[in-house]
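One structure below.
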Amino acid sequence: MLGLDKKDTTLLLIVAVLTMCAPFLLNPFPEGSGMAQFNAGYPDLMQRFVIFGIFAIGFNILFGLTGYLSFGHAAFLGVGSYAAVWMFKLLSMNVLPAIVLAVIMSGLFAMLIGFISLRRSGIYFSILTLAFAQMMFALAYSVLTPITGGETGLQLALSDPRILGASATAEGNIPVPALFGLEMRSSTVWEVGAWKFTFNTGYYFCAVIMLVSFFLAIRIFRSPFGMMLRAIKSNQQRLRYTGLNPKPYTLAAFVISGMYAGLAGALMASMDPLAGAERMFWTASGEVVLMTILGGAGTLIGPVLGAGVIKYMENIVSKINSDILHGWFAFLPDGLEDFVVAIIYPFIGKGWHLTLGLMFMLVVIFLPGGLVEGGQRIARAFRRGKKNEAPKAASTEPAE
Amino acid sequence: MGILDVKDVGKRFGGLKALSDVNLSVQENTCHAIIGPNGAGKSTLLNCLVGKLIPDTGSVMFDGQSVLGRSPHEINQMGISRVFQTPEIFGDLTVMENMMIPCFAKRDGAFRMHAYESIAAERDLIEMAEAMLDDVNMLDKRNMHSASMSRGDKRRLEMAMCLVQNPKLLLLDEPTAGMARADTNNTIDLLKEIKDKRDITIAIIEHDMHVVFSLADRITVLAQGTPLVEDTPENIKGHPKVQEAYLGESH
Amino acid sequence: MDAIILQILNGLDKGSAYALIALGLTLIFGTLGVVNFAHGALFMIGAFCAVTLSRLFNLSHEVEVPGQTDFLGNPLKKDVPYLHDIFGEATGSAIIDWSVPLAILFAIPIMIAVGVIMERGLIKYFYKRPHADQILVTFGLAIVLQEIIKYYYGANPIPTPAPDAFKGSFDFGAMIGFAENTIIYPYWRLVYFCFAAVIIGAVFAFLQFTTFGMVVRAGMADRETVGLLGINIDKRFTIMFGLAAAVAGLAGVMYVPINPPNYHMGMDFLVLSFVVVVVGGMGSLPGAVAAGFLLGVLESFASMREVIDLIPGINQVIIYLVAIIILLTRPRGLMGRKGVMED
Amino acid sequence: MSKTTLTRRGVLKTGAVAGAGLALPTYLSAAGHEGFTNAPTGSTVTLGFNVPQSGPYADEGADELRAYELAVEHLNGEGDGGMMNTFSSKALQGNGILGKKVEYVTGDTQTKSDAARASAKSMIEKDGAVMITGGSSSGVAVAVQALCQEAGVIFMAGLTHSNDTTGKDKKANGFRHFFNSYMSGAALAPILAANYGNDRKAYHLTADYNWGYTTEEAVKTSTEALGWETVAAVRTPLTQTDFSSYIAPVLQSGADVLVLNHYGGNMVNSLTNAVQFGLRDKLVNGKNFEIIVPLYSRLMARGAGENVKGIFGSTNWHWSLQDEGTKAFVKSFGTKYGFPPSQAAHTCYVQALLYADAVERAGSFNPCAVVEALEGFEFDGMGNGPTLYRAEDHQCFKDVLVVKGKENPTSEFDLLEIVEVTPAAQVTYDASIFGGELGTCNPGA
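Residue numbers (our numbering), protein chains in the order written: chain A, 1 to 400; chain B, 1001 to 1251; chain C, 2001 to 2343; chain D, 3001 to 3445.
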């Protein structure tokens, strides 16, 4: 289907079904129950899952295929956001022109930064990209405040001179981003018994774009171009002596992944029309690196998983406070309750960073291929359990 | 005029004279060996031919065009393929993928943005690669992870990758270095077969006299950066200067 | 002229902190080939060794102060350190006053232990793994260490002053014939600079003049060959890691009076120290030191009012700008060797 | 061959299920039938406390959270009632808000606008919070305020000092109790002139972002009006940790006062460095060299240790005030936690109470009703004397404290002493001077 082989088609379909059913899958616990804390099926987080999924998919095209570790990719996310918000301010609240401009702008920035940074390889390349991103962050936060809004971020105002569209709504509010009148923030809620499922326009818009991005990523992975990128990671010398010029290939990969980042930035701005400079700080660049490695660099689905896990930790685990903990363990005798809460407390709520750090370490120690390898091991264990007599041919296949 | 003409090439590294006054002409459809003791400048000369180094003086013409100042991939596109001393292949890729890359390079040039196409759809190239693999008896290994193969297989794969491009000139840099006798003989057989079957020019740098005398049509002896003598294998064998150069090395 | 001397002095001082951190980082890079994102955390732990010692010295019991009340109206209680009881008030106060320099002795064994445990327990399994994995695991470790410190010490900076004898500054300008108050320099920064010079000198001497150092240097140049010689590289690597941790930790201990330490100070320095190491050139110790001082001095110059007026925002980007220019003109940094971390 | 058919059938089946899922729109119900976002339906109402729990301001955030927990206790009729007893409005009954028990959710802003908005959004979208409050920086306050405006909930700002929050970036759904840069400048200048004379040369070091700019501007204008001269103003990067190269040239410039427009970690480090360079022991132009920190925070002052002694600054509130409101609050906070509250805790506590009171008085959680109840609201008994929530910009006008680092602190909390309580009239300004548009209140869905 769509020029994909059977295995990839299955993968794409699974991802499509998962994203389309996310409002159900992420809200497995009934409203008001103790476990409802773990529900992630609200629009903002679902949007973040897919947007950071796009960011990580794009990053993986560069890092997973060519092995070039960019430590400044968040800069393109920032550029995309700024471009999109400026489009909202100046042109129209329609998200399409904003996304188009954001992708173009981030592509141009990626072209320039990539052209210079790709003159070096290895850690030298990483530091060059880091330096560019940090410079962009520092300038955006300070001297470029008139363009970027500085500390408070670039946001919409009632006085924006919107060429196509009104500066303010009839009620005197700032209009919201929309796709030809379909507001990104509008939601329908479906209540089934104690469950509550939210279907958000913005989420589905992002999800569709993510699926398209994912599909394109699969095509790139399976294309001759993708093979060349993997060849670059494997042996640049041989590639050169085989008559291929690695530079345009790496630059193209850099620009493509920069455009993915810009797309993610534009979607962030479309869901929530604000662009802050922190988006470009090195920790943000580091985050996408961690997402990719955590999920499994070079695999198709890994980066999306990694993005999901990190965003889940950040948004769900960080919100559990000691009151909620006491609520959970209220059934225990008092002394034991306090003891259990005291044991768990450092790892949740404001201690969510600790859990994250431990998880990074555990995953990389025990699952060198990231979460995807974990999945493969489980699958293999099942397969082995099912048919012990089957030959072990499957295990020699390269990991995907 | 040969297919490859090296004229007055000189190269210095700081104070060290690596090459001087090298003149060499490789004739079409012959196998030309360059031999010489360690440090004679063989590798430097080779690197000057493929664009890794730029000589200080002189010219290198291939097929009527200068190769100087061109980068390795451009020189490959002109029709020169190179086999390395230790096999250079794409270790993370499968054998078949290793074969497809030169096929694409041959057809599409140094860069093409074929990011949306599918490899599976390139029937012609796949057939081409498979035929070549068949030629080197590696078709059964097509889905193997190439890094996990034996050194001999890697060597054969590398040759196949070069040959599938149908190069005008095949450069071999000590193709049997570090090989066991049996592997060396296999390689010689393989090269002989290639030579007989195809219209191809081969330039080989080699240490192993056995290999050289089994394959070469002409031999150039290099010593201290300068060609000592150039002749047929028969004449080289008994040449006093050659013996002197090689004896000199052992002392 | 005086302004320039002033900024050179400042730069050297800033640079000595950069150089010390980068030195430890490049020891690990160069000898072990490990990208250690937890190096900043080691610096931070060193700083908290000083805080801990100072807290230990200040362990107190409460004594009621007659006639005064606290904010809730209860009788005011004053803390009296046990050291006062043990050594008498004068000696006790003096020991507390000197807690930061004393912390050096306290920190060395702790830092070496931390380094050795880290290497034996974790890093050793990552020598053959891709750099990306090393980054992930050491970054995770850095977060964990940081969070542990935050859990016990809070997020706010903790003031830990230098001994009274080193408070304040001296008028360096007046000494060399400039007008008064043009070039002033705090005593403690002078101490820090000298301290850094001694540590750097000691590390170099250690690598230069001991057999151990020779092997390590050989290992930095060509690890495989040294391994083939049958030398137990593993043990030496462990010691190197301990040494690097100690250097980072000592840099942290002595940094405490300059800026009050907090749990994320390591992360603040991390990116900068990577830039320093890379600008210096991978695997080059002198390169790292030179780059540290160079970037420190340039940063100081960029923060001059006259320069900022000329190029607004230059102080924000100078380090990165210099890094980019150096890496583009010198492909392997100032003194880097070919083939180290280029793949 | 059979395998292929199997897959295809599997796909068809999945497609059918998905189709069925989408074909059930009749069961869907639109949210917010009450006419505004997250209208509380049950016996409880949820408030969102969005404070920094990680990053450099985590301790300040923790103190804010303590204050909120205390406020919730008091609102629900537990504890000693704190400021509810001294508050001039007596609408609050101690039975929750409008009879609904107050519940709360917490989130981590990380002091990043993105993260703050994400956690505020999750409170609104997932937990049904009807009001968001908290924060420890202006960047976050402005970002979250804009979000609340868009979503149709009330935002009660925590610690935010930039003029922008209720100036250029003001929003109808947002309210700020904390004071701002302008007020700091206006309150400080006369005290500075009185203590240091009218003939001073000031050197500014300013954090290079919005809050720094507005503070520098405010202090500059108000001191220059009293005869001071500004020698230079140098911008320092946010990420700067060592300020030596900025501090060292100060003496050379001929300045005799250094103004540190820094907050948080920047302030701790720049002040420590300035004292390290011995600036305060110097005599310039025949006068003692002085340092000024326009915005003081006790929590941060602690980080600078002894270096704060004798240094002037301004603060929103301090626990050593002697009015009834302050005493009641300090007592209940101190009893519960064992140490006195910070100004961040105070402003957050007051904001929570003010919101609850406004809802009681309006008789509705509808944001527009709350806005109406808060606009122009005058109250007392909350620790700052008579206070006005100005209708034009949703900024509180109240007395501003000028404080000085204490020479002989009796405890680690007793670091500041109050020098002067500048009356509200002296720091009041025209609502239009900072631009921006309030817009109209947005009740959301």
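Positions of the beta carbon are idealized from the N, C-alpha and C atoms, including for glycine.
Item	Value
Going by the DSSP bridge assignment, what does I99/A pair with across the sheet?	Note: I99/A sits in no beta bridge, so no partner.
For a cutoff of 8 Å on Cβ pairs, would you count A252/A as touching chain B?	yes
Can you pull the chain D residues whose beta carbon is under 8 Å from the beta carbon of T152/A, in chain order?	S3113, S3138, G3139, V3142, A3143, S3162, D3164, D3169 and N3210
Assuming C1031/B is part of the alpha helix (DSSP H), what are its boundary residues?	Where C1031/B is concerned, there is no enclosing alpha helix (DSSP H), although the beta strand (DSSP E) it sits in stretches over C1031 to I1035.
Considering only residues of the same chain and omitting the five flanking positions on each side of D1008/B, which have a CB-CB separation below 8 Å?	D1021, V1022, N1023, T1057, G1058 and S1059
Counting only the same chain and skipping the five closest in sequence on each side, list residues whose C-beta sits under 7 Å from that of S2303/C.	N2315
Output needed for A2165/C: all residues of its chain with C-beta closer than 7 Å, excluding positions within five of it in sequence on either side, in chain order.	none
State yes or no: is the beta carbon of R119/A nearer than 8 Å to at least one beta carbon in chain C?	yes
Any idea what DSSP makes of G2168/C, helix, strand or coil?	coil
Please specify which runs of the beta strand (DSSP E), each continuous and at least 3 residues long, are wholly inside the stretch 1185-1209 of chain B, giving them in chain order.	1201-1205
Just to confirm, is the Cβ distance from G3107/D to E3064/D under 8 Å?	no
Please report whether the beta-carbon of L3276/D lies at a distance below 8 Å from any beta-carbon of chain C.	In the sequence as presented, Leu is not what sits at residue 3276/D; that position holds Gln. Yes, its Cβ sits closer than 8 Å to a Cβ of chain C.
Would you kindly work out how many angstroms separate the C-alpha atoms of F2087/C and P2159/C, rounded to a whole number?	24 Å
Can the beta-carbon of V3144/D be found closer than 8 Å to that of N3050/D?	yes
Of all the CB atoms in chain D, is at least one closer than 8 Å to the CB of G276/A?	yes
Note down, in chain order, every chain C residue with its Cβ under 7 Å from the Cβ of F52/A.	Result: empty, since nearest Cβ-Cβ is about 17 Å, beyond 7 Å.
In chain order, what residues of the stretch 1097-1119 of chain B put their CB closer than 9 Å to some CB of chain A?	E1097, N1098, M1100, I1101, P1102, F1104, A1105, K1106, D1108, G1109, A1110, F1111, R1112, M1113, H1114, A1115, Y1116, E1117, S1118 and I1119
Please report whether the beta-carbon of M2282/C lies at a distance below 8 Å from any beta-carbon of chain A.	yes
Is any beta-carbon of chain A found at less than 8 Å from that of L2027/C?	no
Is R1218/B helix, strand or coil by DSSP?	strand
Pull up the distance between the alpha-carbon of M280/A and that of N3180/D, whole angstroms please.	28 Å
Could you tell me which chain A residues have their CB closer than 7 Å to the CB of P1072/B, listed as they occur along the chain?	R240 and Y241
To which residues of the same chain is P3443/D closer than 6 Å at the C-beta, ignoring the five residues directly before and after it?	F3036, G3152, N3366, P3367 and C3368
Short of 9 Å Cβ to Cβ, which residues in the stretch 2122-2137 of chain C face chain A?	L2122, Y2125, F2126, R2129, P2130, H2131, A2132, D2133, Q2134, I2135, L2136 and V2137
Might you give, ordered along the chain, the residues of its own chain that have their beta carbon closer than 8 Å to the beta carbon of L2012/C, omitting 5 neighbours on each side?	F2193, F2293, G2296 and V2297
Would you report the Cα separation of R2129/C and A231/A, rounded to the nearest angstrom?	20 Å
Pick from M46/A, E287/A, S33/A and L274/A: whose alpha carbon is nearest that of T198/A?	M46/A
Measure the C-alpha to C-alpha separation of L2321/C and L2272/C and round it to an integer number of angstroms.	12 Å
Please check the pair F132/A and I113/A, which I expect to be a contact at CB under 8 Å, by giving their CB distance rounded to whole angstroms.	5 Å
If you count every other CB in all the chains shown that lies within 10 Å of the CB of V192/A, and 16 or more means buried, which is it?	exposed
Throw me the rounded Cβ distance for the I2149/C and M2240/C pair, which I believe falls under 8 Å.	Not a contact, Cβ separation roughly 25 Å.
Measure the alpha-carbon distance for I2028/C versus T201/A and round it to whole angstroms.	51 Å
Name the DSSP bridge partner or partners of M3131/D?	L3047/D and I3154/D
Drop a sphere of 10 angstroms on the beta-carbon of H2061/C, count the other beta-carbons inside from all chains shown, and report buried for 16 or more, exposed for fewer.	exposed
In chain C, what lies closer than 8 Å to L3299/D by C-beta?	N2156
When burial is assigned at 16 or more other CB atoms within 10 Å of the CB, is S2300/C buried or exposed?	buried
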